[in-house]
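Here the structure comes first, spelled out in C-alpha cells, and everything after it is commentary.
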Amino acid sequence: MTVGLFIPCYIDQFYPQVGIASLELLEKLGCRVVFPTKQTCCGQPMANSGFDHLSEGCNKNFVNNFEGIEYIVCPSGSCTLHIKEHLHYKEKEQEAERIRNNVYELSEFLVDVLQVKNVQAKFPYKVGFHSSCHGQRGLHLSSMSETMQPAFSKPEFLLNMVDGIEISHTERVDECCGFGGTFSVFEEAVSARMGKDRVAAHQKNNVSYITGVDMSCLMHLEGILKRQRSDIKVMHFAEILNHG
Amino acid sequence: MKEAIINHAQSAKQFNTDEARVNWHDETLWMVRSKRDKAAKSVEEWETLRSLASSVKEHTLSNLNEYLIEFEKQANKNGVKVYWAADAKEHNEIVLKIINEEKISKVVKSKSMLTEECHLNKYLEQNGIEVVDTDLGERIVQFRKEIPSHIVLPAIHLKKSDVSETFNQYLGTEKNNTDPQYLTSAARVHLREKFLSSEVAITGVNFAIAETGAVVVCTNEGNADMGVHAARVHIASMGIEKIIPKANHLGIFLRLLARSATGQPITTYSSHYHRAREGASMHIVIVDNGRSRQLANENFRNSLKCIRCGACFNTCPVYRRSSGHSYHNAIAGPIGSVLAPNMDKQKNYDLPFASTLCGSCTNVCPVKINLHEQLWKWRQLLTEEGYVSVGKKMMMKIMAFVLSYPLLYQIAGKSARFALTYFPFMLKIKKINPWYVNREMPQAPKQSFTSWYIQHKK
Amino acid sequence: MNSRQKILDNIEKNKPAFVSLPDTKNLFATGNENVVKKFSEVLESISSTVKKVNGWQDIPDEISGLKNNGNYVLNAVEEINNDREIIINKTKDELEKSDYVFIKGEIAVAENGAVWVTEKNAANRLLPFICRHLCLIIDSKNIVHNMHDAYEKIKIDETGFGVFISGPSKTADIEQSLVIGAHGALDLTVYIIQ
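Residue numbers (our numbering), protein chains in the order written: chain X, 309 to 552; chain P, 14 to 471; chain E, 9 to 202.
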C-alpha cells in the first residue's frame, strides 16, 4: 500500500519530529511511504482568513505533488479537512476530486483503512488529550459533546494501545483551544484567554503531556505553557504511537 | 477599506482586561450550555427532532410567499389587522401610527429581537411615546441605556451589583442590596403598575402559524401575557421567517426551543394568540428588513431557519469570552455574525472573523444551521468585495505567493526571512507581534522535515 | 408598488427550489409510560406543587379552606359552583387583588409539565397571569405523553387565546439566579383528578 505523506507547512518548519514519527509509524505498519518534496501548504491559512481566492497556487501545487498517489495521509485534522472541503484545481479537477476523497487524517487512516489492532509503543506518562475541533467536528474523528450519539474516539482508540499511558480528559472535554489559525493573532486577547483556560484545565489533572491530532493547537498551547514556565510538554499523538 | 467602526477584536480585548468578569461570564454561560446538554440527552429522539425541525423550516422557506399569504388570510379571518413593512423604518412608522390612532402615549413591550433590530424604542421615544420593556433583563438594560448582550439572557453581561446600583437609582431599592429575589420583587411591583396603566402591548413572535393565523409567544416571566391581556391593543412584530405551516409543527419546535435555550423542558408560558378579546384589537406587522435578500443567497439563506434560542451563543467559546456588546449588533454570537453582514457589510465585516470555526455552534443548533460554514463563506465574500484591511491583504498576498512556489518556500524556510514572509508576526516584539503578548514563539529546529527527508530517505 | 407586493415578489424571486414537507403525523409514540407519574415528577422539578384528588367534588373544599384563611379566591371551574360571571366583568385592577385562582386545564403534557388552558377555561384571559397563586385542575385522563400528542388532541383555534402553562412564572435575568415569581403567578399548584 502506497501512502503519500502530506506534511503541513508549520510541521515541516517547526515540528519536523512529528513528520518523522508519522513516517516511521506508517512504515512500521507496513506502508510504503512517499513524501513529495515539493509540497508547501494546503492553503488553509489564506482561506480561513477570507482569501480562498488566493489559494489557487497552493491548490495547483498540492494536486501536482499528490497526483496518482492512492492514499494521502496527514498528521493534522485541520489541514486534512481543508483539502477535503476546499481543494479545487480547474485544469485537473477530476484529480482534485479524487484527492479530496482519498485524503486521510493519520488516526482515521490507521483506524479505518489499516484497521490497526496494536502498536508497539510505550509511554508511561499521564497525558491530557486535547480534542482539536476540525478533526473532531469536521472529520468526525470522535463523538462530540453537543450531539447525542454514542461515544467514540479514533485517536484515543490508538493511544489506548500504548503501554503505560494514562489518558486524562478535562472538564469541557472538547472546548476549542482558541488557536483558530490567523484568529490567534487578529483576535489575540480571546485566543490567548481560550488557550490559558485549556491549559488550566489540563493542569488541574496533573498531566505530564498534552497530546492531540493537530500540532497547530498544540503549538498554541505550548506557547502559553512556556510563557508560564510550566513543566507540561506538548507532543503530537504520532510521536507517542511511535515511542519505543 | 476602512476598519470597521467598532471592531470585535478591540472590544473583546477591552472586555478581557477584567479577568474576573470574563471568568464569571464564561462559567455562567457554560452552565447554561451544560443544562442544554442535559435536557437534550433526556429526549431520546433529540437528533431526529433537530432534523425534522430543519426540514420543516427548509420547506417553509421554499414556499414562504404562499405561507405568508395564507397566514394573512387566516389572520384577517380572525379579525386581526396585518401590515407589511419592507424595512425597519416602515415597521416603526406602522407601529407609531397604530399607537397614535388609539391616542395612547404609554406602551409596554415584551422581548422582541426584531424591535431591537429596528431600534423601535428610540423611534417611539422621539415621538413622545413612553416605551417600557417588561422582560426583566431588558428592563435592566433599558434603564442603563444599553442594548441586550444576549438574545435570551439580555443582561448576562451584568453582575447583581450592577443591577442593584441601577435599581437603586431608578426604582429606589436599598443601596447595596444585591439579592436577586429582592431585586426581582421590586421589578415586579414597578412593572405591575406599568402593565395596569398601559393600553398598548407590543410583543415579538416566536412562531406564526400559516394554517390558523396565530402568533405564538414564549416567555418565562409572563410579561407578554400580562401586557397583552391588560391592554386594549396588541401589536405583534414578526420577521417573515417566523412562519411555520401547521399548528402541529409546534410540537417539534416547542420541544426544541426551551431545551436548547436554557435547558428547561418548555418555557413557563407558550401563548397562542388567534383573536383579540372583545373590545380589544390585534395587529400583526410582518417585516422583511433584509430577510428576502438573505433568502436569495444559497450560502446564507438557511440562517433564516433560526428560532432565536441562543444555544449558539452559550456554546461559543469566543462569545463567552468576549461578551455580546463586542458584536456591536442587536443580535450577537455566531448567528448574529451570520446575519449582520447582510444588513451592513461595512459596519459588520469583522464579525465573521470573531470565531475559531470550531463548529460547536452548528452542533447545538436545534434547526441545524451550518453556522461555522456560513461564517467561512462570509469571510470569502467580504474579503473578495474588499472589506479587509490593507495590512491583512498584503500579508495574505505575500503568504499566498511564497506558498505557491516550492522553491520560494524552501528558500524562505532556510533563511531568516522565513519569519517575515511566512509569519510576519514572528518577531519577539509584543507591539507588532500579537502572538508574543501571551505566548512564546515555537522554536525553529535545525532542519525542516523536508530537508531531513531528502538527507535520510532519498 | 406597496410593501406587501414588494416583499412577496422578492421572496418569490429569491426563494430556493421547492422542498417537500416531512411527514409529521404520529411522531414518537411513547409506549406504556406512566404519564401521571412523569407529569407529577416534572412539575415538582419545576417548582410546582402537585395534589392528587378523587374528583371535582374535592375542589370546593380546597377553595373554602383558602377562603377561611382570608384569601380572595376566584374560581373559573365550570364543573363546580364558580365565579365566572364575576370574573368576566372584573377590571384588571380588580383582578389584580386575587390571591388564589382556580382554572381547569384541557390537556396536560407529561414530558414538560405543561397544561393547556384556553380563554374559555379561564373566563378572562388575564386571570391565570395576574393572580398571585395559580391552581390548575387536570383530569388524569387528559394527560398525554408529549407535545406531539398534545397538538393532536387540542383544537388550537377553538378560542381566541390558549396557553401552555408549565410551572410558576420565573426569571434568571439577574446573574442567572433562578427566582420563582416574576410577572405572572408566584406559584403553581396542579390538582390531578385521579
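For each residue, glycine too, the CB sits at the ideal point set by N, CA and C.
**Study point:** Contacts that P:MET412 makes with chain X (C-beta to C-beta distance below 7 angstroms)
**Key:** Start at 1 with the first residue of the second sequence, and residue 412 of chain P comes out as number 399. Here the neighbours are PRO353 and MET354.
Review point. Among all the DSSP beta bridges, which residues are the ones paired with P:TRP97?
Key: Position 84 of the second sequence, counting from 1, holds the residue named residue 97 of chain P. In DSSP, P:TRP97 forms a bridge with P:ILE299.
Review point. E:LEU1 CB to nearest chain P CB: under 8 angstroms?
Key: No answer is possible for residue 1 of chain E: it lies beyond the span of chain E, which begins at 9 and ends at 202.
Practice item. Could you pull the start and end residues of the alpha helix (DSSP H) that P:TYR400 belongs to? Key: Here residue 400 of chain P refers to the residue found at position 387 when the second sequence is read from its first residue. Premise fails: P:TYR400 is in no alpha helix (DSSP H) and is neither H nor E.
**Study point:** For P:LEU269, the three-state DSSP class (helix, strand or coil)
**Key:** In the second sequence, residue 269 of chain P corresponds to position 256, counting from 1. If DSSP states are grouped into helix, strand and coil, P:LEU269 belongs with the helices.
Check your understanding: Taking the C-alpha atoms as reference points, what is the distance between P:GLN277 and X:HIS390?
Key -> Here the question's residue 277 of chain P lines up with position 264 in the second sequence. Here the question's residue 390 of chain X lines up with position 82 in the first sequence. Each residue's alpha carbon lies about 37 angstroms from the other.
Exercise for review: Kindly examine the ligand SAM and report whether one of its heavy atoms sits closer than 7 angstroms to the Cβ of P:ALA168.
Suggested key: As for the ligand SAM, it is missing from this structure, which has no ligand bound.
Check your understanding: What runs of the alpha helix (DSSP H), each 4 residues or longer, lie entirely inside the stretch 69-138 of chain P?
Key -> 77-90, 101-114 and 126-130
Exercise for review: Just mark P:LYS15 as buried or exposed, buried being the case when its beta carbon has 16 or more other beta carbons within 10 Å.
Suggested key: As a working note, residue 15 of chain P is residue 2 in the second sequence. Bear in mind that the predicted position of P:LYS15 carries a pLDDT of just 46, short of 50, making it unreliable; the figure below should be weighed with that in mind. Looking at its Cβ environment, which holds fewer than 16 other Cβ atoms inside 10 Å, P:LYS15 is exposed.
Check your understanding: CA-CA distance, E:ALA37 and P:ALA227?
Key -> Here residue 37 of chain E refers to the residue found at position 29 when the third sequence is read from its first residue. Here residue 227 of chain P refers to the residue found at position 214 when the second sequence is read from its first residue. Going from the Cα of E:ALA37 to the Cα of P:ALA227 covers about 27 angstroms.
Check your understanding: Can you find a CB in chain X that lies within less than 8 angstroms of the CB of P:ARG334?
Key -> The residue labelled residue 334 of chain P in the question sits at position 321 within the second sequence. True, the Cβ-Cβ gap to chain X drops below 8 angstroms.
Exercise for review: Please list the partners that P:THR328 has in chain X, where partner means a Cβ-to-Cβ separation under 8 angstroms.
Suggested key: The residue labelled residue 328 of chain P in the question sits at position 315 within the second sequence. By Cβ distance, chain X contributes GLU454.
Practice item. Report the residue ranges of all alpha helix (DSSP H) runs contained in full by the stretch 38-74 of chain E; include only those spanning at least 4 residues, in chain order. Key: 43-53
Practice item. Report the rounded CA-to-CA distance for P:TRP97 versus X:PHE314, giving the unit in angstroms. Key: Against the second sequence, residue 97 of chain P aligns to sequence position 84. Against the first sequence, residue 314 of chain X aligns to sequence position 6. Going by the C-alpha atoms only, they are around 56 angstroms apart.
Review point. Would DSSP call X:ARG340 helix, strand or coil?
Key: Working through the first sequence from its first residue, we reach residue 340 of chain X at position 32. Strand, per DSSP.
Check your understanding: Does P:PHE28 have its Cβ less than 8 angstroms from a Cβ in chain E?
Key -> Counted from its first residue, the second sequence places residue 28 of chain P at position 15. Not one chain E Cβ lies under 8 angstroms of P:PHE28.
Practice item. Measuring alpha carbon to alpha carbon, tell me which of X:GLU496, X:ASN373, X:VAL419 and X:ASN409 ends up nearest P:SER417. Key: Position 404 of the second sequence, counted from the start, is the residue given in the question as residue 417 of chain P. Comparing Cα positions, the closest option is X:ASN373.
Review point. For P:MET44, which residues in chain E fall below 9 angstroms Cβ to Cβ?
Key: Sequence index remark: in the second sequence, residue 44 of chain P carries index 31 (1-based). By Cβ distance, chain E contributes GLN184.
Check your understanding: Whose CA, out of X:ILE328, X:GLY312, X:GLY503 and X:LYS512, lies closest to the CA of X:CYS339?
Key -> In the first sequence, counting from the first residue as 1, residue 339 of chain X sits at position 31. Nearest option by C-alpha distance: X:GLY312.
Review point. What is the C-beta distance between P:ILE279 and P:TYR80, in whole angstroms, given that I count them as a contact (C-beta under 8 angstroms)?
Key: Translated into positions along the second sequence, residue 279 of chain P becomes position 266. Translated into positions along the second sequence, residue 80 of chain P becomes position 67. Contact flag wrong, Cβ pair sits at about 25 angstroms.
**Study point:** Residues of its chain near P:LEU384, where Cβ-Cβ distance is below 7 angstroms and the 5 sequence neighbours each way are ignored
**Key:** Working through the second sequence from its first residue, we reach residue 384 of chain P at position 371. If we look at P:LEU384 and ignore the five residues flanking it on each side, its Cβ neighbours are CYS325, PRO347, ILE348, VAL351, CYS374, THR375 and CYS378.
**Study point:** Residue from X:GLU464, X:ASN410 and X:GLY503 with nearest C-alpha to X:GLY289
**Key:** Residue 289 of chain X falls outside the range modelled here, since chain X spans only 309 to 552, and no answer is possible.
Review point. Buried or exposed: where does P:ILE142 fall if 16 or more other Cβ atoms within 10 Å of its Cβ makes it buried?
Key: Here residue 142 of chain P refers to the residue found at position 129 of the second sequence. P:ILE142 comes out buried.
Review point. If contact means a Cβ-Cβ distance below 7 angstroms, which residues of the stretch 366-384 of chain X contact chain P?
Key: CYS366 and ASN369
Practice item. Alpha carbon to alpha carbon, how far is P:PHE220 from P:LEU166? Give it in angstroms, no decimals. Key: The count along the second sequence starts at 1 and reaches residue 166 of chain P at position 153. The count along the second sequence starts at 1 and reaches residue 220 of chain P at position 207. Each residue's alpha carbon lies about 19 angstroms from the other.
**Study point:** Helix, strand or coil at E:GLY168 [DSSP, three-state]
**Key:** The residue you call residue 168 of chain E lines up with position 160 of the third sequence. DSSP places E:GLY168 in coil when its eight states are reduced to three.
Exercise for review: Report the rounded CA-to-CA distance for E:PRO176 versus E:ILE151, giving the unit in angstroms.
Suggested key: As a working mapping, residue 176 of chain E is identified with position 168 in the third sequence. As a working mapping, residue 151 of chain E is identified with position 143 in the third sequence. Straight-line Cα distance between these residues: approximately 19 angstroms.
Exercise for review: Taking P:LYS444 as part of the beta strand (DSSP E), name the residues at either end of that continuous run.
Suggested key: Residue mapping note: residue 444 of chain P aligns to position 431 of the second sequence, counting from 1. Per DSSP, P:LYS444 belongs to no beta strand (DSSP E) and is neither H nor E.
Exercise for review: Give the interface partners of P:ASN376 over in chain A, defined as CB-CB distance under 7 angstroms, in chain order.
Suggested key: Among the chains of the structure shown, chain A does not appear; the protein chains present are X, P and E.
Check your understanding: Going by beta carbon distance, what residues of the same chain come within less than 7 angstroms of P:HIS242, once the five residues before and after it are set aside?
Key -> For the purposes of this step, residue 242 of chain P is identified with residue 229 of the second sequence, where counting begins at 1. Result list for P:HIS242: empty, nothing under 7 angstroms.
**Study point:** Within-8 angstroms CB hit, P:ASN78 to chain E
**Key:** Indexing the second sequence from 1 puts residue 78 of chain P at position 65. Cβ-Cβ to chain E under 8 angstroms: yes for P:ASN78.
Exercise for review: Give the interface partners of P:LEU109 over in chain E, defined as CB-CB distance under 8 angstroms, in chain order.
Suggested key: As a working mapping, residue 109 of chain P is identified with position 96 in the second sequence. Under the 8 angstroms cutoff, chain E gives no residues; its nearest Cβ is about 16 angstroms from P:LEU109.
Exercise for review: Check E:ASP147 in the structure and name its three-state DSSP category.
Suggested key: Within the third sequence, numbered from 1, the residue matching residue 147 of chain E stands at position 139. It is a strand residue.
Exercise for review: Please go through the same chain and pick out, in chain order, the residues whose beta-carbon is closer than 7 angstroms to the beta-carbon of P:TYR422, but skip the five residues on each side of it.
Suggested key: Counting from one through the second sequence, the residue named residue 422 of chain P turns up at place 409. Hits under 7 angstroms: VAL415 and LEU416.
**Study point:** Under 9 angstroms from the C-beta of E:ALA116: neighbouring residues of chain P
**Key:** In the third sequence, the residue the question calls residue 116 of chain E occupies position 108. Neighbours of E:ALA116 on chain P: none; closest Cβ ~12 angstroms, over 9 angstroms.
Review point. Can the beta-carbon of E:ILE203 be found closer than 8 angstroms to that of E:SER106?
Key: Because residue 203 of chain E is not part of the residues shown, which for chain E are 9 to 202, the question remains open.
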